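In what follows, a single structure is set out as structure tokens and then discussed.
See below:
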């Protein structure tokens, strides 16, 4: 699709003029500040890389329809992670089939020999959707920063297990002076090493016996220092098709130590990067400096990905998240925060509070920015979270003109954050979409901080400094016209609530 045609389409949906006030069932669910192709099918990230100038997003893309199939690798670039420029298709299907996801790296030292002193090659690693090649990995290289590629064929890779190989992830590790690849196989992760990304040798296998039967997909592997300490740990991300214990595809992570050959976990507690229904198949950008780790995932769920109630396109990415390793009691966990660059696109804002919320005293107001994408910050007094009068349930309800409701709340007795989109009653109904999703976490800090992002077809919640993250698609039938801050079976002190409009210049 040419940029001229795409620009015309975007104009038709009123994005370029900023006219978000009138709701159009064909277009009102197109996000402003989440990457999407607007038309057709946008699938999971296929490779994420930073080249010291631009962030590159390679992603699964169907240029001929808005359901999964006919997968190509799309390509987009950004300087700030929020404004993306779509480029031409990077990798195409061929006689072997279509390409599945993998990873992309910049070979800065030209260890592969594909580049030169003047041109650092991009290297891509992937598999094919071909049952005859299920145990085979492939590679390609690019000399024009990922715009065109030369396929190199099969990688000679020793495979010590009988299961299929999926989603190779490659990174350069200066400490060991070599490339390390993780690749999922059944319910385990295989580790390989190479000095040139051509010849690989097997290092070890990691398996979690508690997740037997789970189908492991994309992985990521990286070292991180614990915030505020000189302790270094290694993090292994694993995307599981039936994670979270309820069949929801989710990203699990393990924390441990790596000696250059094998990975050993040092804590056995089950950890998840996101507790919502719609964040899957993500990884971090390669090529960043030091401990900087920016994660990007696919905002959808295979349970209903092909059935979402949109007629233009399906699929977009989550908001990029900067990961940090934080201490939590005697353990460590990842915290997700939004890169600070988003604040550059804040427009108007509205502030309410302080107020004591209770059964008799809720706070209901007109929504100040109907039809707009927005950021909301809520600060609750948490110093009395164990008081007998503390509300059992509190949060915010967003209501559309027709009275349908989206709820983001916290159940105090259960220490449970949740997003409830069942009140939106999408039509036609989609099985699994109304399932309540929640995250168990009790904050002991004096203030409970919530950051909520709404962007036309999605809601994302970050709480307790990013220790809680939840992502949910949502499809309001109309614009939000009122919001209600509430407390049930007790009271809670709302210190401050701010709603911030997002500028339309985030349009891609």
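Residue numbers (mature numbering (1 follows the signal peptide of the UniProt record, and there is no 0)): -22 to -1, 1 to 486.
Idealized CB from N, CA, C, for every residue including glycine.
Nothing here was measured: the structure is a model prediction, and the numbers come from that model.
- By the CB criterion at 8 Å, residue 79 and residue 137 fall outside the cutoff.
- Ranked by how close their Cα comes to the Cα of residue 307, the residues 428, 326, 422 have 422 in first place.
- CA-CA distance, residue 62 to residue 13, rounds to 7 Å.
- Exposure of residue 289 is indicated by the presence of fewer than 16 other C-beta atoms within 10 angstroms of its C-beta.
- In terms of Cβ geometry, residue 383 and residue 285 do not form a close pair [threshold 8 Å].
- Among the bridge pairs identified by DSSP, residue 410 is matched with none.
- Distance from residue 199 to residue 160 at the Cβ level is roughly 5 Å; contact confirmed, criterion being Cβ atoms closer than 8 Å.
- Distance between residue 85 and residue 27, taken at the CA atoms: about 11 Å.
- In the DSSP assignment, residue 169 falls within the unbroken beta strand (DSSP E) covering 166 to 172.
- Remark: C-beta atoms of residue 357 and residue 474 approach each other more closely than 8 Å.
- Within the same chain, Cβ atoms closer than 6 Å to the Cβ of residue 345 are found at 458, 459, 460, 461, the five residues on either side in sequence being excluded.
- Residue range 226 to 236 is occupied by the beta strand (DSSP E) that includes residue 227.
- When rounded, the separation of the alpha-carbon atoms in residue 399 and residue 130 is 46 Å.
- Taking 3 residues as the minimum length, the beta strand (DSSP E) runs contained wholly in the region 114 to 178 are 115 to 120, 128 to 133, 144 to 151, 156 to 163, 166 to 172, in order along the chain.
- Checking the DSSP bridge columns, you'll see residue 435 has no partner listed.
- Taking C-beta separations shorter than 7 Å and ignoring five residues to either side along the sequence, the partners of residue 93 in its chain run 85, 99, 121, following chain order.
- According to the DSSP secondary-structure assignment, residue 374 is paired through a beta bridge with 386, 463.
- Assigned with DSSP and collapsed to three states, residue 93 falls in coil, not helix or strand.
- When the beta-carbon positions are compared, residue 117 and residue 143 stay at least 8 Å from each other.
- One alpha carbon belongs to residue 184, the other to residue 170, and they sit about 12 Å apart.
- By alpha-carbon distance to residue 453, the top candidate from 349, 203, 168 is 349.
- Three or more Cβ pairs closer than 8 Å define a contact, and the region 315 to 326 meets that threshold against the region 468 to 482.
- Three or more Cβ pairs drawn from the region 7 to 26 and the region 46 to 64 lie within less than 8 Å of each other, which places the two stretches in contact.
- The region 38 to 56 makes no contact with the region 327 to 342: fewer than 3 CB pairs, one atom from each, lie closer than 8 Å.
- The criterion of a C-beta distance shorter than 8 Å is not satisfied by residue 280 and residue 295.
- Put simply, of 233, 249, 250 the residue whose alpha carbon is nearest the alpha carbon of residue 242 is 233.
- Per DSSP, the continuous beta strand (DSSP E) segment holding residue 104 begins and ends at 100 to 104.
- Residue burial annotation: residue 283 is buried, with at least 16 other C-beta atoms found within 10 angstroms of its C-beta.
- Your pair residue 250 and residue 216 does not check out as a contact, with CB atoms roughly 10 Å apart and the cut at 8 Å.
- Look at residue 322 here: in three-state DSSP terms it is helix.
- If you look at residue 395, you'll find it in the beta strand (DSSP E) that goes 394 to 398.
- One thing to note: residue 36 has its Cβ no nearer than 8 Å to the Cβ of residue 164.
- Residue 311: member of the beta strand (DSSP E) spanning 309 to 315, first to last residue.
- The shortest C-alpha to C-alpha distance from residue 430 to any of 392, 355, 222 is the one to 355.
- In the three-state DSSP reduction, residue 109 falls in the helix class (H, G or I).
- Judged by beta-carbon spacing, residue 89 lies beyond the 8 Å limit of residue 254, meaning their Cβ atoms are not closer than that value.
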